[in-house]
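Top to bottom, those sequences are chains A and B.
Position 126 of the first sequence, counting from 1, maps to 126 under UniProt numbering, and the rest follow consecutively.
Position 43 of the second sequence, counting from 1, maps to 43 under UniProt numbering, and the rest follow consecutively.
These notes are about the structure you will find just below.
Protein chains: 2
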Amino acid sequence: MSKNSLYQYGTIGSLMAGAMDGTDTINDFLKHGDFGIGTMDGVDGELVVLDGQAFKMSAKGYVVHLEGEEKLPYGAIAHFHANHTFTIQDELDNEAVEALILDKMRSKNLFAGVKISGTFKKMHTRAMPKQEPPYIRFSEVEQPNFYADEIKGSIVGFYSPALFHGTSVAGFHIHFISDDQKFGGHVLDYVVEDVTVEIQDYANLIQDFPKEAEFLDTEFDYSNIAEEISLSE
Amino acid sequence: MSKNSLYQYGTIGSLMAGAMDGTDTINDFLKHGDFGIGTMDGVDGELVVLDGQAFKMSAKGYVVHLEGEEKLPYGAIAHFHANHTFTIQDELDNEAVEALILDKMRSKNLFAGVKISGTFKKMHTRAMPKQEPPYIRFSEVEQPNFYADEIKGSIVGFYSPALFHGTSVAGFHIHFISDDQKFGGHVLDYVVEDVTVEIQDYANLIQDFPKEAEFLDTEFDYSNIAEEISLSE
Numbered sequence: 001m002s003k004n005s006l007y008q009y010g011t012i013g014s015l016m017a018g019a020m021d022g023t024d025t026i027n028d029f030l031k032h033g034d035f036g037i038g039t040m041d042g043v044d045g046e047l048v049v050l051d052g053q054a055f056k057m058s059a060k061g062y063v064v065h066l067e068g069e070e071k072l073p074y075g076a077i078a079h080f081h082a083n084h085t086f087t088i089q090d091e092l093d094n095e096a097v098e099a100l101i102l103d104k105m106r107s108k109n110l111f112a113g114v115k116i117s118g119t120f121k122k123m124h125t126r127a128m129p130k131q132e133p134p135y136i137r138f139s140e141v142e143q144p145n146f147y148a149d150e151i152k153g154s155i156v157g158f159y160s161p162a163l164f165h166g167t168s169v170a171g172f173h174i175h176f177i178s179d180d181q182k183f184g185g186h187v188l189d190y191v192v193e194d195v196t197v198e199i200q201d202y203a204n205l206i207q208d209f210p211k212e213a214e215f216l217d218t219e220f221d222y223s224n225i226a227e228e229i230s231l232s233e
Numbered sequence: 001m002s003k004n005s006l007y008q009y010g011t012i013g014s015l016m017a018g019a020m021d022g023t024d025t026i027n028d029f030l031k032h033g034d035f036g037i038g039t040m041d042g043v044d045g046e047l048v049v050l051d052g053q054a055f056k057m058s059a060k061g062y063v064v065h066l067e068g069e070e071k072l073p074y075g076a077i078a079h080f081h082a083n084h085t086f087t088i089q090d091e092l093d094n095e096a097v098e099a100l101i102l103d104k105m106r107s108k109n110l111f112a113g114v115k116i117s118g119t120f121k122k123m124h125t126r127a128m129p130k131q132e133p134p135y136i137r138f139s140e141v142e143q144p145n146f147y148a149d150e151i152k153g154s155i156v157g158f159y160s161p162a163l164f165h166g167t168s169v170a171g172f173h174i175h176f177i178s179d180d181q182k183f184g185g186h187v188l189d190y191v192v193e194d195v196t197v198e199i200q201d202y203a204n205l206i207q208d209f210p211k212e213a214e215f216l217d218t219e220f221d222y223s224n225i226a227e228e229i230s231l232s233e
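The structure is reproduced here in structure tokens:
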């Protein structure tokens, strides 16, 4: 497919239901783009891919630059180029920023990439602690929270149409990495101060799957998956 | 992507919610495979693509061979080659046949293609009558039913993993075309007599979308979509 596709490896639903073993290497994942998010083997931390470089924010509170051989169970990635760009020089919270993005995006019925870079007045994240098999459900894991003030960095992530809640997270699913590569995580809320917002409208989605028996042969329990995703993400 | 991808244009959810305008030509759709199903502009009938030829079973009860310029709002298609093949020389109903297929498929967590060709003791189908804008919801359309006995032909369709209910139909979504190209439709139930079953395990899904404003700018109501799909498909 084209350079205007979003590539997703695994699904949020399967991850939530216990498909947490890392199966795809970062090197293979990076073949599909230079801009993305995900988590690592055993849901170990929060993956950010920015400008082709992969970083993991650990639940221990520090960021690791990934080498390439590490494996992930879930991630979404694309070749980033913006279709819409605007700046915000004002203190706006995440709800206000998301409303502006929804207004600029071509359509709520397409996937979109979202990059917000600059200075954030407040940033609140969390990061998943590494789990060991047999895995419990994602929604039962306690996750440490992290806070930063007056921090420079980039939000990286994706908007998914409502109909894709289950395989993706409906709405915005965004991670953060600071410019000094010391702080990051799954973004819970934030306040911008002086940022540039870039949006990419994707033409289509390539949905890929693990090929390992551990994934293929498991009967996943998806009975409450929509709620579990909404609560956990 | 590879020849082992399933390509889906539009989603069942959007179709159900009223995205019924034909937007992709049969010629463009056929670039993605030789084996598929779908519906035509205004949900006019039941599309079958078999061996690269496209047919529509109309709600009026006859089959049309499509020329290529006709447009569809929804379809799924692939380059068919079987990973698993077996024969049934016994009177088995659709539930029994589906159980055999689920047993042979590589995984319930991957998409699969299903072709069942030969002699059917009973075949029960329905076909959507063409709608005109403004469209009502798919689930509110009354559809004529069709019955045939001792008929030779092919079932063409796909298995979708449970997590994809909403964008696809979870489980089996199958259409039928008779060998004499006179009878077909969306399959409701059947009894096989002497058939060959072929199954293809897909590595991944390419999910494409209409690019027309009518699709991009509509706020679809998906509040009851899972139930609507289950009732209608």
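Just so it is clear, CB atoms sit at the ideal spot from N, CA and C, and this is done for glycine as well.
Measure from the C-beta of residue i to each C-beta in chain A and report whether the shortest distance is under 7 Å.
i: residue 209 of chain B; result: yes
Whose C-alpha, out of the options, is nearest the C-alpha of residue i?
i: residue 51 of chain B; options: B:67, B:197, B:79 and B:75; result: B:79
i: residue 211 of chain B; options: B:21, B:221 and B:66; result: B:21
i: residue 191 of chain B; options: B:198, B:150 and B:230; result: B:150
i: residue 123 of chain B; options: B:103, B:99 and B:93; result: B:93
i: residue 62 of chain B; options: B:227, B:188, B:196 and B:183; result: B:183
i: residue 141 of chain B; options: B:134, B:40 and B:128; result: B:128
i: residue 81 of chain B; options: B:215, B:197 and B:229; result: B:197
i: residue 109 of chain A; options: B:233, B:220, B:86 and B:229; result: B:220
i: residue 135 of chain B; options: B:37, B:105, B:215 and B:34; result: B:215
i: residue 70 of chain B; options: B:218, B:41 and B:103; result: B:41
i: residue 203 of chain A; options: A:226, A:83 and A:195; result: A:83
i: residue 64 of chain A; options: A:47, A:90, A:76 and A:77; result: A:47
i: residue 58 of chain A; options: A:233, A:194 and A:131; result: A:131
i: residue 195 of chain A; options: A:230, A:97 and A:3; result: A:97
i: residue 6 of chain B; options: B:95, B:226, B:106 and B:206; result: B:206
i: residue 106 of chain B; options: B:193, B:15 and B:159; result: B:159
i: residue 185 of chain A; options: A:225, A:95, A:49 and A:32; result: A:49
i: residue 30 of chain B; options: B:60, B:72 and B:15; result: B:72
i: residue 60 of chain B; options: B:91, B:146 and B:225; result: B:146
i: residue 225 of chain B; options: A:162, A:218, A:187 and A:217; result: A:162
Using the C-alpha atoms, what's the distance from residue j back to residue i?
i: residue 53 of chain B; j: residue 173 of chain B; result: 19 Å
i: residue 178 of chain A; j: residue 112 of chain A; result: 22 Å
i: residue 144 of chain A; j: residue 126 of chain A; result: 6 Å
i: residue 44 of chain B; j: residue 170 of chain B; result: 22 Å
i: residue 86 of chain B; j: residue 66 of chain B; result: 31 Å
i: residue 181 of chain A; j: residue 38 of chain A; result: 17 Å
i: residue 68 of chain A; j: residue 3 of chain A; result: 22 Å
i: residue 27 of chain A; j: residue 36 of chain A; result: 13 Å
i: residue 56 of chain B; j: residue 121 of chain B; result: 22 Å
i: residue 99 of chain A; j: residue 233 of chain A; result: 19 Å
i: residue 189 of chain A; j: residue 148 of chain A; result: 11 Å
i: residue 104 of chain A; j: residue 15 of chain B; result: 25 Å
i: residue 223 of chain A; j: residue 138 of chain A; result: 14 Å
i: residue 88 of chain B; j: residue 102 of chain B; result: 15 Å
i: residue 75 of chain A; j: residue 91 of chain B; result: 46 Å
i: residue 175 of chain A; j: residue 95 of chain A; result: 16 Å
i: residue 229 of chain A; j: residue 33 of chain A; result: 25 Å
i: residue 231 of chain B; j: residue 193 of chain A; result: 49 Å
i: residue 199 of chain A; j: residue 23 of chain B; result: 25 Å
i: residue 217 of chain A; j: residue 133 of chain A; result: 16 Å
Which bits of chain B does residue i rub up against, with CB to CB less than 7 Å?
i: residue 39 of chain A; result: Ordered by position in chain B, no residue passes the 7 Å Cβ test against residue 39 of chain A, which lies about 18 Å from the chain.
Which chain A residues sit within Cβ distance under 7 Å of residue i?
i: residue 106 of chain B; result: 216
Between residue i and chain B, is any beta-carbon pair separated by less than 7 Å?
i: residue 135 of chain A; result: no
i: residue 13 of chain A; result: yes
i: residue 109 of chain A; result: yes
i: residue 261 of chain A; result: As shown, chain A starts at 1 and ends at 233. That puts residue 261 of chain A outside it, with no answer to give.
Which chain A residues sit within Cβ distance under 8 Å of residue i?
i: residue 163 of chain B; result: 11, 13, 14, 166, 167, 220, 222 and 225
Could you check whether the Cβ of residue i sits closer than 7 Å to any Cβ belonging to chain C?
i: residue 145 of chain A; result: Judged by its chain identifiers, the structure shown contains no chain C, and its protein chains are A and B.
Sufficient close CB pairs (3 or more, under 8 Å) joining the segment 166-182 of chain A to the segment 5-16 of chain A:
yes
Three or more C-beta pairs closer than 8 Å, one from the segment 144-155 of chain B and one from the segment 117-124 of chain B: is that the case here?
yes
Do three or more CB pairs link the segment 206-224 of chain A to the segment 17-37 of chain A at distances below 8 Å?
yes
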